[in-house]
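For reference, the structure discussed in these notes is given below.
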Amino acid sequence: MRKKIVIALLSLFSMEIQAQEVEIIPIEELSTYLKDNKTPMAKHSKFWEVLDRNYISYTPNDKWVVESDTSTYVFENDNRPYNPEYGALYGHLSPLNRKFGMLLGRLSHKDGKCLLAMNTAPILMNGKRLELPLREDLAKEYVFTLVANNFEFGKPYRSLKRQALKDVQMLVTQYPAETAANLFNGVSMFIYPLNFQGETYRDQYTCGRGVVIFSKHNVPLELYFFMTDESIADFDKYLSELKGVFTFQDIDTQ
């Protein structure tokens with residue numbers, strides 16, 4: 251049986267976010283809203299539909315433009331010379347695309363210097379909704395599994411050994427619960443650096459941050475920020491401008 255992971259709080263960043271009311275657009279109206287705003291649409295499940303199955307609402311924001319409304323690689327056109335080590339399916343993928351796989355969707359900040367991709371777990375199909383609550387111990391371990399995969403600690407998507415777990419904890423920062431609640435209606439939020447392995451994407455993205463937010467029922471929302479050498483200094487601003495964009499729904503499981 252897996253032991254419950256106690257997260258070491260390494261440091262806290264306080265963020266002053268101005269309170270404001272956010273208009274929630276009903277899920278059934280989103281496709282019409284985005285079409286009217288000339289958002290490119292795909293034929294597959296929209297990311298907001300998948301998020302809604304996990305009780306996460308998406309509300310458009312004029313600071314963030316939808317680049318891809320369905321599952322995609324983060325840098326789908328950034329292929330590399332064929333590497334036979336990864337086989338026919340993955341041999342042409344860039345390291346970040348192999349590492350993250352297909353993510354739910356992608357937004358771009360209006361300043362053109364920050365790309366945002368999102369994911370959640372599990373990915374439910376056929377309109378099924380997630381059964382709540384999720385186990386807290388597995389939810390917290392999920393954070394460190396993501397970080398371990400990003401930095402290639404241990405075996406991919408396997409439970410970490412004790413020392414590897416300690417090493418990964420050093421890379422994770424927990425933000426204040428108040429920030430998670432204010433921005434996402436969440437209860438906890440964890441930030442870690444993304445390992446670009448010296449690569450540059452779209453001729454400008456060189457660094458990034460991974461963010462995992464949990465709802466009161468332990469549902470995770472993963473956000474991946476891809477930034478330039480200059481724009482990473484504005485990470486807290488980008489994060490604050492997501493207030494109300496992704497919101498955990500108030501669900502009573504009793």
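329 is the number that our numbering gives to position 79 of the sequence shown; each next residue is one higher, with no gaps.
Even for Gly, the Cβ is constructed at its ideal location relative to N, Cα and C.
None of these values were measured; they are calculated from a predicted model.
Give me the residue from the options with the minimum Cα distance to residue i.
{"i": "Ala367", "options": "Ala483, Gly436 and Leu301", "result": "Leu301"}
{"i": "Lys466", "options": "Phe403, Arg385 and Arg452", "result": "Arg385"}
{"i": "Phe440", "options": "Gln424, Glu472 and Asp361", "result": "Gln424"}
{"i": "Gln419", "options": "Asn347, Phe485, Asp453 and Phe394", "result": "Phe394"}
{"i": "Val437", "options": "Cys457, Trp314, Tyr305 and Val469", "result": "Val469"}
{"i": "Leu365", "options": "Pro443, Lys487 and Trp314", "result": "Trp314"}
Could you check what DSSP says for residue i in three-state terms: helix, strand or coil?
{"i": "Asn399", "result": "helix"}
{"i": "Val316", "result": "strand"}
{"i": "Ser490", "result": "helix"}
{"i": "Leu384", "result": "coil"}
{"i": "Ala371", "result": "coil"}
{"i": "Ser307", "result": "strand"}
{"i": "Ser438", "result": "strand"}
{"i": "Ile501", "result": "coil"}
{"i": "Glu391", "result": "helix"}
{"i": "Gln424", "result": "strand"}
{"i": "Val461", "result": "strand"}
{"i": "Thr322", "result": "strand"}
{"i": "Ser481", "result": "helix"}
{"i": "Gln268", "result": "With a pLDDT of 33 at Gln268, under the threshold of 50, the predicted position of this residue should be treated as unreliable, and no value is reported."}
{"i": "Tyr350", "result": "First, the residue type needs correcting, since residue 350 is Phe and not Tyr in the sequence shown. Phe350 falls in the helix class under three-state DSSP."}
{"i": "Glu472", "result": "strand"}
{"i": "Phe496", "result": "strand"}
Just how far apart, CA to CA, sit residue i and residue j?
{"i": "Gly460", "j": "Leu382", "result": "24 Å"}
{"i": "Trp298", "j": "Phe325", "result": "20 Å"}
{"i": "Phe350", "j": "Tyr323", "result": "8 Å"}
{"i": "Met477", "j": "Tyr308", "result": "22 Å"}
{"i": "Ile482", "j": "Arg303", "result": "32 Å"}
{"i": "Ala431", "j": "Phe464", "result": "10 Å"}
{"i": "Phe446", "j": "Phe403", "result": "15 Å"}
{"i": "Leu380", "j": "Asn400", "result": "26 Å"}
{"i": "Lys363", "j": "Tyr455", "result": "8 Å"}
So is residue i buried or exposed if we call it buried at 16+ other beta carbons inside 10 Å?
{"i": "Leu489", "result": "buried"}
{"i": "Thr450", "result": "exposed"}
{"i": "Glu391", "result": "buried"}
{"i": "Glu491", "result": "buried"}
{"i": "Lys493", "result": "buried"}
{"i": "Lys296", "result": "buried"}
Give a yes or no on contact between the stretch 411-423 and the stretch 484-497, applying the rule of three or more CB pairs nearer than 8 Å. no
Please confirm if the stretch 347-360 is in contact with the stretch 314-326, defined as three or more CB-CB distances below 8 Å between the two stretches. yes
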